Structure formats: C-alpha cells, structure tokens
Amino acid sequence: MLNMIKADFYRIVRSKAIYLAVALMLMMLAVDIYTVEAGNLGVQLSVDTGDNAERNREPMQTDDGAQISSLSMKDYRNVKLKMPGYALDQDVLACNLNLYYLFIFVAAVAVSADFSGSCVKNTLSFAIDRRKYFLSKFLFVMLCCVALLFVNTYVMYFGNLLCNGSHFASDLGNVTRITLLQLPPMLALAGILTGFAFLFRRMAVFNAVAIPFIMVAQVLFHFLSFVLKLPEETMYYELQVMIARLSMEPSRPYLLKSYVVCGGLILLFGAAGWLSFRKTEIR
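Count along the sequence shown starting at 1, add 40, and that's the number in our numbering.
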C-alpha cells in the first residue's frame with residue numbers, strides 16, 4: 041500500500057492538473073491579499089459564523105463620497121488599507137471551503153483518472169487486492185488535501201504580512217492553530233470527493249457531480265432548515281459555517297460535536313465509495 045501511495049505522489053507531481061490547482065489557489069490568495077478582503081466561492085450565509093462581521097464590512101462610500109462599487113481594484117485596496125486593522129489571515133482561513141474546488145483536482149487525478157484510463161484493472165492484477173487499492177487511494181487524497189491546506193495557510197500568512205503589514209495580520213501560531221482545528225472538516229471534504237470518485241468513477245461524471253455538489257448541498261440544507269423550522273444552531277454544523285466558526289474561538293462542546301459530524305461524513309462517503317467499488321466489475 042505504501043508503494044502505491046509513493047507511485048501516486050510521483051504521478052501527481054507529473055500531472056498538469058495539480059499545478060493548475062496550485063495556480064488557482066495562488067491566484068485566489070493574491071486577490072484576497074491585494075483587495076485586503078477574504079473572498080468566498082460558496083453560498084453567502086446569513087447565519088452567525090462567530091466572527092466580528094463589522095471588522096471586514098465594506099464602507100458604502102469613500103471619504104469623498106464615491107461609491108465603493110465604482111472604484112478600481114487599486115483604489116479599493118487603498119480604501120481598505122485606511123480602515124482599522126484586523127486579522128485578514130484569519131478571515132481568509134474562515135473561507136477555506138474554497139479549497140474544496142482544488143481538492144476536486146486531487147481526487148480526479150488520483151482516482152477518476154485511473155478508471156477513465158482503465159488503469160485500475162492492471163493495478164489490481166498485480167497481487168493488489170481491492171481493499172488495499174481503496175485504502176491507499178483514500179489515504180493519498182487525504183494527505184494531498186492536507187498538504188494543500190497547509191501550503192494555502194502559510195503562503196497566505198506570509199504574503200499578507202509582506203504586502204499588508206502586521207496591521208492586518210495575526211501571528212503565525214494563531215494561523216497554525218486554526219488550520220489544525222479545521223483539519224476534520226477539510227478531511228471530510230476530501231472524504232466526500234474520494235467517495236464520489238469511487239461511486240461515479242468516470243472523470244466526466246465525477247466532475248459533473250462534484251463541482252456543483254457543495255453549493256447544492258448548502259442550498260438544500262438551508263431549505264430543509266427553513267421548511268422544518270430547525271433551530272439556528274443546526275446550521276452551525278453545515279461545513280462552510282463549521283469551517284468559519286472553527287477559525288474563531290470555538291467552545292469545547294462545539295469542537296466535539298463538529299468533529300463527530302466530520303467523522304460521520306468521512307465514514308458515510310467512504311463506505312459508499314467502498315461498497316460501490318467492491319461490487320463494480322473492473323474492465
């Protein structure tokens with residue numbers, strides 16, 4: 041199994057897809073740092089995420105009365121830099137659900153590409169059973185996603201510190217602590233995608249399901265919460281909200297419940313992927 045993981049690492053560093061994923065990550069971070077504002081690719085949530093919303097709220101007008109929406113990116117940056125300082129790095133980490141779209145690249149290269157290229161049959165014919173194959177792929181995707189998470193954290197932290205100064209930065213220990221706290225929901229995202237890759241196998245089908253999944257799941261979760269009149273606290277365990285709240289000062293009970301939810305998602309999608317893979321006829 042270790043040899044398979046090593047082989048996958050060798051293959052992924054030779055894949056153009058992973059470099060595209062890293063380039064997209066760097067581009068998103070560059071925009072966040074330059075505009076001094078955390079961007080979010082998911083559904084905009086109105087639920088309390090535990091942060092101080094006032095600290096990063098756009099002023100509707102500049103001092104001379106100009107509308108903020110009419111400003112160039114450069115002028116917008118200058119306006120933001122004149123505002124009271126806050127921990128931009130912490131706000132960016134609160135939007136780490138954005139990394140889901142980069143994790144798709146990893147799962148696609150590691151799993152879906154094998155099925156689309158009919159490499160699975162050859163691999164399984166060399167005295168490697170399905171259980172070892174599945175576990176090695178699952179662990180490999182997890183490890184790659186964790187590596188992307190930490191690269192994202194430290195590139196963002198030092199880039200922000202260099203470009204915007206300590207006025208808009210927390211400390212290195214704080215961003216490391218937040219990243220560690222966010223590991224379970226990020227691993228849950230990786231587990232969901234790995235499960236999808238084994239469920240749907242073919243690259244085109246996997247992408248068609250995985251790309252819109254997180255937004256569809258958020259909308260559905262919100263809709264059911266509204267229709268069933270669930271308490272607001274229920275929304276705290278939606279993945280985007282969970283990631284945001286874990287970037288603040290989560291209580292110990294919330295940590296425990298959040299991690300149980302994340303573990304349940306990993307087991308659920310992992311089991312679904314394994315059962316599908318175990319019964320699939322490999323061609």
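Every residue, glycine too, gets a C-beta built ideally from N, C-alpha and C.
It should be emphasised that the depicted structure is a prediction, and the values quoted were computed from it without experimental measurement.
Contact check between the stretch 264-276 and the stretch 186-204: fewer than three CB pairs, one atom from each, fall below 8 Å, which does not count as touching. Secondary structure at residue 131: helix, using DSSP grouped into helix, strand and coil.
In the structure shown, residue 244 falls within a helical segment according to DSSP collapsed to helix, strand and coil.
In the three-state reduction of the DSSP assignment, residue 67 falls in the helix class. In the structure shown, residue 258 falls within a helical segment according to DSSP collapsed to helix, strand and coil. By alpha-carbon distance to residue 141, the top candidate from 209, 60, 295 is 60.
Closest in alpha carbon position to residue 288, among 260, 199, 217, is 217.
In the three-state reduction of the DSSP assignment, residue 280 falls in the helix class, which pools H, G and I. In the DSSP annotation of this structure, the continuous segment of the alpha helix (DSSP H) that includes residue 293 starts and ends at 292-319. With respect to residue 172, residue 41 sits close: the two C-beta atoms are nearer than 8 Å. Residue 127 sits away from residue 235, with the two beta carbons spaced by 8 Å or more.
By the Cβ rule, the stretch 236-253 counts as touching the stretch 142-156, because three or more pairs are nearer than 8 Å.
The shortest C-alpha to C-alpha distance from residue 212 to any of 48, 57, 133, 79 is the one to 133. Taking the Cα of residue 257 as reference, the smallest distance to any Cα among 237, 281, 271, 240 is reached at 281. Apart from sequence neighbours up to five positions away, the residues of its chain that approach residue 80 with a beta-carbon distance below 6 Å are 135, ordered along the chain.
The beta carbons of residue 254 and residue 305 sit about 12 Å from each other, so the pair does not count as a contact at 8 Å.
Restricting attention to 177, 129, 119, the CA atom closest to the CA of residue 52 is found in 177. Rounded to the nearest whole angstrom, the C-alpha separation of residue 125 and residue 77 is 12 Å. Beta-carbon to beta-carbon, residue 139 and residue 192 are separated by about 6 Å, close enough to satisfy the 8 Å threshold.
Beyond the five residues adjoining it in sequence on each side, residue 241 comes within less than 6 Å, by CB distance, of 155 in the same chain, given in chain order.
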